[in-house]
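Engineer:
Chains as they are written, first to last, in UniProt numbering: chain A, 1 to 125; chain B, 1 to 375.
#1: Write down the C-beta distance between residue 107/B and residue 92/B rounded to the nearest angstrom, noting that I regard them as a contact closer than 8 Å.
#2: May I ask which residues mark the beginning and end of the beta strand (DSSP E) holding residue 31/B?
#3: Could you confirm whether any beta carbon from chain B is found closer than 7 Å to the beta carbon of residue 37/A?
#4: Kindly provide the ranges of any alpha helix (DSSP H) runs that are 4 or more residues long and lie completely inside the stretch 243-310 of chain B, ordered along the chain.
#5: In this structure, does DSSP put residue 144/B in helix, strand or coil?
#6: Tell me, to the nearest whole angstrom, how far the beta carbon of residue 237/B is from that of residue 122/B; I am working on the premise that it is less than 8 Å.
#7: Under the assumption that residue 189/B contacts residue 206/B (Cβ atoms under 8 Å), give the Cβ distance between them as a whole number of angstroms.
#8: For the beta strand (DSSP E) containing residue 95/B, list its first residue and its last residue.
#9: With residue 95/A and residue 42/A assumed to form a contact (beta carbons below 8 Å), what rounded beta-carbon distance in angstroms separates them?
#10: Taking only runs that begin and end inside the stretch 117-177 of chain B, name each unbroken beta strand (DSSP E) of 3 or more residues, in chain order.
#11: Can you look up residue 93/A in the DSSP assignment and give me helix, strand or coil?
#12: Counting Cβ pairs, one atom from each stretch, are 3 or more of them under 8 Å apart for the stretch 59-67 of chain B and the stretch 14-28 of chain B?
#13: Please report the residue range of the beta strand (DSSP E) in which residue 55/B lies.
#14: May I have the straight-line CA-CA distance separating residue 284/B from residue 258/B, to the nearest angstrom?
#15: Under 7 Å between the Cβ atoms of residue 222/B and residue 155/B?
#16: Starting from residue 360/B, trace the beta strand (DSSP E) in both directions and tell me its first and last residue.
#17: Which residues in the same chain have their Cβ closer than 7 Å to the Cβ of residue 182/B, if we skip the five residues on either side of it in sequence?
#18: If you reduce the DSSP assignment to three classes, tell me which class residue 215/B lands in.
#19: Checking contacts by CB at 7 Å: is residue 40/A closer than that to chain B?
#20: Out of curiosity, what's the CA-to-CA distance linking residue 204/B and residue 211/B?
#21: How about residue 113/B and residue 55/B: do their beta carbons lie closer than 7 Å?
#22: Listed from N- to C-terminal order along the chain, which residues in the stretch 22-39 of chain B have their beta-carbon within a distance smaller than 7 Å of any beta-carbon of chain A?
#23: Excluding the 5 residues flanking residue 347/B on each side, which residues of the same chain have their C-beta closer than 7 Å to its C-beta?
#24: Start and end of the beta strand (DSSP E) containing residue 160/A?
#25: By Cβ distance, which residues of its chain are closer than 6 Å to residue 119/A, with the 5 residues on each side in sequence left out?
#26: Compute the distance between the beta-carbons of residue 131/B and residue 119/B, then report whether it is under 7 Å.
#27: Does residue 36/A come out as helix, strand or coil in the three-state DSSP assignment?
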């Protein structure tokens, strides 16, 4: 697998797009999706709610386990991906594209986000 | 380094093959086993509609031989083992003197005085120790054969056809819960018509040195009709849909077979004493007068998945506990097995839910199993 160069990554295996008008898109990486197995349920933060970098903002449920979803940045949720709520398998089949999770108006970004190459080394894939 | 670092896991004879297939591996009872090769949902559906191939070499085989092999097993286990005909198999349990379940087992009578006991990987040592201890005074030998066998399972509607193309053994004459020695793809095997998936299928006990050759032959013969390699993840959802108990979830030393709704495996009518007879007699009477919690099926109305240990609730009160839960690929909804108070155990019982991390989600109570294959 390859991690898209234009994205940045957290050590909790989320990806973050560059900000358009201050709004970034967040998803989980292919590495994380593979580790979870078939995702069957996603619980996303509500539009308008505030999220804090590194804190839980939702849940990803797979066949065998439930995992917390963290936000890689602090800010306000502007949109969630209803397609992925309706069809959670998108997280597995298109983690960097149709399986995106939410958009966030970034208020503050942690300093330790990783580049694609750094994340590839960190995650070993 | 972590202070509770696990000891090196054990590897099956097929370990290199699993890795070459890109399996996601997981620790299971001290063994490094394939969890899945690709999508566990696809593997599950392949077993339901075509065929799946499993490595189950972690299961524990114990051979019991000798003039009093039957008498020993009748004493050590709760079933009527002497009554099993040669070539047949029986589902049974081994209990403690207090009636608690040590393990559930399949016992194959391979010949008049030879049995093979198959224990769960997590309990194999416990079962072996108990059998050795209980063998004292019997003219019978208990042999640890865990390293003597690799175990492959081929399960699903296409499995008889696939296996027939590789063996001269009389598969049509081989009934469910029976086993016979034969040759598959040139490999000597004990061929058993058993499994843990709710589908027709076979379990093949072979020498570890032959395991890879057999796996390859089954793969070559089965791939054209849809056979795929399958991991433990889909094995769990398959057995859950089929309503089959799993040790550590539905069964434990804290429960007698009567508490688990499996009192029928206890054969009081057999001759002689057996370990647990007195306690189990009391447990049977207790179950009669005060019904214990009942093992039921739960089907979610929503999409959140119940997990083992989650409370079952009704009217805001805890009325039971989930023992196993997963999204069901066949039903397309989350399902669970749970022990619930008898008052809430009837199919359709109103107002039953599962406390999923603080939120009470509605669930429908149903009789087990969730899935039964059409014969």
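All C-beta atoms, glycine included, are put in the ideal place defined by N, C-alpha and C.
Structural biologist: Straight from the coordinates:
#1: Within the second chain, numbered from 1, the residue matching residue 107/B stands at position 107. Within the second chain, numbered from 1, the residue matching residue 92/B stands at position 92. Beta-carbon to beta-carbon, residue 107/B and residue 92/B are separated by about 6 Å, close enough to satisfy the 8 Å threshold.
#2: Locating residue 31/B in the second chain gives position 31, where the first residue counts as 1. For residue 31/B, the enclosing beta strand (DSSP E) covers residues 31-36.
#3: What you label residue 37/A is simply residue 37 of the first chain in a count that begins at 1. The C-beta of residue 37/A comes closer than 7 Å to at least one C-beta of chain B.
#4: For the stretch 243-310 of chain B, whole alpha helix (DSSP H) runs of length 4 or above, ordered along the chain, are 277-289.
#5: On the second chain, position 144 is the one that residue 144/B refers to. Strand, per DSSP.
#6: As a position in the second chain, residue 237/B is number 237, starting the count at 1. As a position in the second chain, residue 122/B is number 122, starting the count at 1. The pair is not a contact, with the Cβ atoms about 19 Å apart (cut-off 8 Å).
#7: Here residue 189/B is taken as the residue at index 189 of the second chain, counted from 1. Here residue 206/B is taken as the residue at index 206 of the second chain, counted from 1. Going by Cβ atoms, the distance from residue 189/B to residue 206/B rounds to 5 Å, so yes, they are a contact pair.
#8: Your numbering for residue 95/B matches position 95 in the second chain. Counting along the chain, the beta strand (DSSP E) containing residue 95/B begins and ends at 89-95.
#9: Within the first chain, numbered from 1, the residue matching residue 95/A stands at position 95. Within the first chain, numbered from 1, the residue matching residue 42/A stands at position 42. With 8 Å as the limit, residue 95/A and residue 42/A do not qualify as a contact, their Cβ atoms being about 12 Å apart.
#10: List check, beta strand (DSSP E) in window: 141-144, 150-155.
#11: Position 93 of the first chain, counted from the start, is the residue given in the question as residue 93/A. Residue state, collapsed to three classes: helix.
#12: The stretch 59-67 of chain B is not in contact with the stretch 14-28 of chain B.
#13: Residue numbering aside, residue 55/B sits at position 55 when the second chain is read from its first letter. First-last of the beta strand (DSSP E) with residue 55/B: 51-55.
#14: As a working note, residue 284/B is residue 284 in the second chain. As a working note, residue 258/B is residue 258 in the second chain. Residue 284/B and residue 258/B: Cα-Cα distance of roughly 6 Å.
#15: Counting from one through the second chain, the residue named residue 222/B turns up at place 222. Counting from one through the second chain, the residue named residue 155/B turns up at place 155. No.
#16: Here the question's residue 360/B lines up with position 360 in the second chain. Here the beta strand (DSSP E) through residue 360/B covers 359-366.
#17: Residue numbering aside, residue 182/B sits at position 182 when the second chain is read from its first letter. Counting only residues of its own chain and dropping the five nearest sequence neighbours on each side, residue 182/B has a CB closer than 7 Å to the CB of 167, 169, 189, 191.
#18: Here the question's residue 215/B lines up with position 215 in the second chain. Here DSSP, grouped into helix, strand and coil, assigns residue 215/B to helix.
#19: Translated into positions along the first chain, residue 40/A becomes position 40. It does: the Cβ of residue 40/A has a partner Cβ on chain B nearer than 7 Å.
#20: Here residue 204/B refers to the residue found at position 204 when the second chain is read from its first residue. Here residue 211/B refers to the residue found at position 211 when the second chain is read from its first residue. Separation of residue 204/B and residue 211/B (C-alpha to C-alpha, rounded to the nearest whole angstrom) is 9 Å.
#21: Here the question's residue 113/B lines up with position 113 in the second chain. Here the question's residue 55/B lines up with position 55 in the second chain. No; because the gap between Cβ atoms is not below 7 Å, this pair is not in contact.
#22: The residues in question are 36, 39.
#23: By 1-based counting over the second chain, the position of residue 347/B is 347. Taking C-beta separations shorter than 7 Å and ignoring five residues to either side along the sequence, the partners of residue 347/B in its chain run 365, 366, 367, following chain order.
#24: There is no way to answer for residue 160/A, as the model of chain A reaches only from 1 to 125.
#25: Reading the first chain from its first residue, position 119 is the one you call residue 119/A. Within the same chain, residue 119/A has close Cβ partners 3, 9.
#26: By 1-based counting over the second chain, the position of residue 131/B is 131. By 1-based counting over the second chain, the position of residue 119/B is 119. Cβ distance not < 7 Å, so residue 131/B and residue 119/B don't count as in contact.
#27: On the first chain, residue 36/A is found 36 positions in, with the first residue counted as 1. Residue 36/A falls in the helix class under three-state DSSP.
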